[in-house]
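Remarks on the structure that follows.
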Amino acid sequence: MKCPAAILATGSPAKEKFRVDYQEMKVWTSFVRLQNLQGLCFSVKYFSKHDHLQTTCPYSKIKQKIHHILGCSGIMYTHGTVLPGIILPRRFFSCKQEGTKIHSKRKQNTSITTSELLYKNLLKSEQENWNEISTRYKATTKRIKEKLEELHNKYTFSSRSPRIRFGANVYFEENGCIFLSKADDVDEGNVDILFSTEDLGFSDAIIQRIRISPDQKYMAISLKSENSEEATCVVTKLGHFPVVEKVIPSVFSFEWAANDVLYYTNQRNLKCQNVFMTTFTNQKLTKLVYTEQDARFFVDIHYTKDRRFLTINSNSKTTSEVWLVDCRHPFKLPVLVQARRKGVIYHIEHRNDELYILTTYGEPAEYKLMKAPVASSGMENWELVYALEKKTKLVDLEMFSDYCIMFLKKAGHLYLNVISFVSHSVQTIKLPTWASEFELESHPEHTSSTCYFQLTSPVHPPQRFAYSFKENNLIEQAVQEVPIITNCHTTRLLAKSKDETLVPITVFHNVNSKELHGKPLLIHVYGAYGIDLNMSFKEEKLMLIEEGWILAYCHVRGGGELGLSWHKDGCQQNKLKGLHDLKACIVLLHKLGFSQPKYTAVAAASAGGVLAGALCNTDPELIRAVVLQAPFVDVLNTMMETHLPLTIEEQEEWGNPLADEKCMKYIKSYCPYQNIKPQCYPSVFITAYENDQRVPLAGVLRYVQKLRKAALDHASGTRKKGNWIPNIILDIRASGTHCDSSWEESLNEVARHLAFLNRELEDPANG
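According to the numbering used here, the sequence shown is numbered sequentially starting from 72.
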């Protein structure tokens with residue numbers, strides 16, 4: 072099923088799903104993978120692993136939401152311009168994703184303005200500066216890259232492509248090809264090739280999602296270029312010789328409502344607000360069936376686990392609404408489940424003529440599982456099935472014919488809650504203590520008697536597990552032996568923040584390390600959109616542990632590790648709480664003997680750049696170096712530029728400085744760019760992308776220029792001889808974008824970051 076987390080942090084509640092869909096999982100496999108989400112999402116299979124969400128804020132200029140349902144006999148639709156196709160929270164990190172030309176222009180002018188000329192000159196200057204500086208890291212970068220490649224080759228077997236099973240058939244993707252095999256032959260190499268990106272001229276594209284029609288006569292897949300956010304849906308008619316039937320540009324999500332009826336959403340300028348239906352019978356038609364006109368809402372579609380209904384899900388960061396398409400009558404108008412109510416999120420599944428509703432409705436405002444008759448689906452008929460305990464994060468939820476499995480996080484540990492609809496019982500299963508993340512496998516058949524998933528941690532490759540409903544037990548799947556990581560110790564701590572709130576920290580270090588106060592410490596932080604820190608396996612994390620580093624993940628407010636209230640307590644007028652949490656975590660780590668300031672670095676990406684950048688301004692003495700990827704460091708100016716594609720929907724996360732002077736002052740109080748001043752800053756390495764729609768490059772350039780000047784002003788104004796000047800480095804990549812890049816580029820990027828950190832932390836006296 073999908074989880075509420077799907078309400079993306081991008082303001083687009085769909086790519087940040089709780090769980091990454093079959094092919095979407097492939098996209099997040101690069102070093103910087105995205106994690107998903109701020110809420111959960113019943114209606115989108117994760118919602119992206121990603122990607123980011125919102126809260127309400129009075130803004131008189133926003134038109135009241137208007138949605139239209141159009142009959143299938145309505146107007147015909149002709150595709151226009153090809154537009155972006157995959158949504159991730161604008162400031163979301165965990166993955167590095169792409170975009171379309173960076174700085175947006177209000178008008179399309181053929182003449183170059185003075186500001187544009189200055190921008191181009193500044194961009195060129197930074198690129199030349201990087202070319203000169205990069206030589207000092209060349210040897211270390213090469214060594215690190217070789218080590219990472221070695222580790223990648225050692226552990227790649229553990230992350231094979233997810234497989235979709237339909238009856239006796241199994242579909243899977245490898246190396247840009249989609250294969251079909253009989254379930255009994257899949258491991259014997261007896262496969263048929265159904266699609267090849269290279270053979271069809273899509274050699275530079277990534278396969279993101281695969282959808283097979285109920286009768287297995289059609290296959291729809293989405294393709295996305297590594298240097299664009301644009302996705303294209305390719306529909307193939309299967310048979311002895313598969314034939315491409317239709318190519319649809321600018322598609323975000325799509326599902327088969329019937330054997331030859333495909334519903335899909337169209338994305339424009341990072342917004343997804345229209346749903347179309349297209350048929351593949353003799354009378355081929357494409358029609359608009361739903362549109363959402365409230366700019367705060369993002370629309371995606373999904374089918375219920377039993378394939379009875381297709382759900383049209385319209386989500387803002389705090390509110391949602393679902394319409395149902397009966398898959399037995401795919402040409403009938405969608406039916407509303409419950410009209411949106413401010414602050415209430417809900418997502419839908421179906422079983423035995425009852426809707427199962429994952430929702431924040433009621434007190435406390437955490438997720439609950441409720442149910443209601445299909446014929447009487449209004450909120451007044453919702454009946455509680457199960458409510459989560461306080462400070463518990465619902466990571467994902469999977470429905471089966473007689474059971475529901477909830478994947479939960481509590482106090483840093485992972486659990487399964489197995490709800491039986493037959494015995495009306497709930498069984499709680501604590502999972503291995505080394506595990507930090509779930510990766511749920513696809514289960515297209517709701518009648519399955521087994522639920523498969525993988526467990527992983529930053530330093531432990533994915534290990535496959537299965538829960539059997541019949542046997543009522545958890546089974547470790549030894550498909551292939553995973554090398555056991557025996558030399559890493561995991562410590563879970565609680566830091567007391569400024570307001571006495573206890574903030575969780577997860578620490579990894581080599582058990583053989585002595586005198587930890589002299590070891591390098593790498594702090595990870597995010598703290599926005601209700602999204603958890605990504606704690607899946609990454610080769611570079613294992614390499615750092617083997618080399619004696621300490622890794623600390625600070626689960627500050629604004630993230631989602633302790634449920635929806637943890638996010639609410641760190642967004643809008645509570646953003647400074649996340650900064651206080653981060654400072655408390657670092658102070659506690661140093662107090663307990665985990666490294667010391669001169670050997671401490673912070674790593675953050677996208678919205679994580681807000682807290683990392685703010686810490687550099689308020690407490691630079693706590694850290695020696697910072698590595699930022701596509702960082703959001705100019706919050707105030709960006710949130711005042713309503714022409715940018717995601718600004719309005721992200722007002723629920725950051726506030727609306729244009730409509731509220733108090734909000735403007737508050738954002739200004741923590742915004743990294745606004746608070747730069749002459750002082751001794753840590754060294755900073757920033758990677759930014761020319762093709763980044765989510766974090767405009769212009770803001771990053773302004774930040775770097777101002778930071779360099781402040782550091783130099785401080786050095787020149789200090790009479791001390793040999794005063795240390797930090798390295799402020801900006802690496803602007805022409806390829807790649809905010810959340811995605813090729814494996815090779817991702818590898819190079821990680822190696823550059825680690826080479827910088829090695830130089831800064833191993834020799835603190837080096838300037």
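We put the CB at the ideal spot given by N, CA and C, even for glycine.
Need the endpoints of the beta strand (DSSP E) that residue i sits in, please.
i      : result
Phe827 : From DSSP, Phe827 is part of no beta strand (DSSP E) but of the alpha helix (DSSP H) over Trp814 to Glu833.
Cys642 : Neither: Cys642 is in no beta strand (DSSP E) and is coded neither H nor E.
Trp327 : Val322 to Ala329
Thr689 : Where Thr689 is concerned, there is no enclosing beta strand (DSSP E), although the alpha helix (DSSP H) it sits in stretches over Gly679 to Thr689.
Glu510 : Glu508 to Leu511
Ala458 : Glu454 to Ala458
Phe524 : Thr521 to Ser528
Tyr427 : Glu425 to Thr430
Arg422 : Tyr417 to Arg422
Met450 : Per DSSP, Met450 belongs to no beta strand (DSSP E) and is neither H nor E.
Lys358 : Thr357 to Glu363
His373 : Phe369 to Tyr374
Leu479 : Tyr474 to Lys481
Val578 : Leu573 to Asn581
Lys464 : Thr463 to Met470
Asp570 : Counting along the chain, Asp570 falls outside any beta strand (DSSP E), and DSSP gives it neither H nor E.
Quick one: grab the DSSP three-state call for residue i.
i      : result
Asp652 : helix
Ala781 : helix
His495 : coil
Lys541 : coil
Gln776 : helix
Met614 : helix
His588 : helix
Leu294 : strand
Leu565 : strand
Ser274 : coil
Tyr438 : coil
Ala799 : Reading off the sequence shown, one finds Ile at residue 799, where the question assumed Ala. Strand, per DSSP.
Ser299 : coil
Ser754 : strand
Ala676 : strand
Pro767 : coil
His661 : helix
Ala786 : helix
Leu404 : coil
Between residue i and residue j, what straight-line distance do the alpha-carbon atoms span, to the nearest angstrom?
i      : j      : result
Val755 : Leu592 : 16 Å
Gly247 : Pro435 : 46 Å
Asn202 : Ala822 : 16 Å
Lys569 : Ser740 : 17 Å
Glu833 : Ile694 : 13 Å
Lys442 : Lys213 : 56 Å
Arg378 : Asp397 : 9 Å
Ser252 : Gly679 : 43 Å
Asn330 : Thr357 : 15 Å
Phe402 : Thr718 : 36 Å
Tyr226 : Lys609 : 10 Å
Leu682 : Leu587 : 26 Å
Glu187 : Glu761 : 14 Å
Asn688 : Trp637 : 24 Å
Glu244 : Phe579 : 33 Å
Arg162 : Phe323 : Its pLDDT being 31, under 50, Arg162 is placed unreliably in this model, and the value from its coordinates should be taken loosely. Each residue's Cα considered, the two are about 19 Å apart.
Ser267 : Ile292 : 11 Å
Lys481 : Arg563 : 12 Å
Going by DSSP, what residue range makes up the alpha helix (DSSP H) through residue i?
i      : result
Ser186 : Thr185 to Ile204
Ala446 : Careful: Ala446 lies outside any alpha helix (DSSP H) and carries neither H nor E.
Cys343 : Premise fails: Cys343 lies in the beta strand (DSSP E), Lys342 to Thr350, not in any alpha helix (DSSP H).
Trp725 : Gln722 to Trp725
Ser740 : Glu732 to Tyr741
Leu219 : Lys209 to Tyr226
Give a single yes or no on whether residue i has its beta carbon closer than 7 Å to a heavy atom of the ligand FAD.
i      : result
Ile383 : In terms of ligand content, the structure shown is empty, and the ligand FAD therefore cannot be addressed.
Round the Cβ separation of residue i and residue j to the nearest angstrom and send it over; I've been treating them as touching at under 8 Å.
i      : j      : result
Gly770 : Asn708 : 6 Å
Pro320 : Leu265 : At roughly 21 Å, the Cβ-Cβ gap does not stay under 8 Å, so Pro320 and Leu265 are not in contact.
Gly634 : Lys464 : 5 Å
Ile490 : Trp453 : Their Cβ separation, rounded to whole angstroms, is 16 Å, which puts Ile490 and Trp453 out of contact at 8 Å.
| task | Please specify which runs of the alpha helix (DSSP H), each continuous and at least 4 residues long, are wholly inside the segment 616–640, giving them in chain order. | result | Counting only runs of 4 or more, we get 635–639.
| task | Could you name each continuous beta strand (DSSP E) segment of 3 residues or more that falls completely within the segment 690–717, going from the start of the chain to the end? | result | Complete beta strand (DSSP E) runs here, min 3: 696–700.
| query | Of all the beta strand (DSSP E) runs that stay within the bounds of the segment 233–270, which reach a length of 3 or more residues? | reply | Listed in chain order, the complete beta strand (DSSP E) runs (minimum 3 residues) inside the segment 233–270 are 234–237, 240–245, 248–253 and 262–267.
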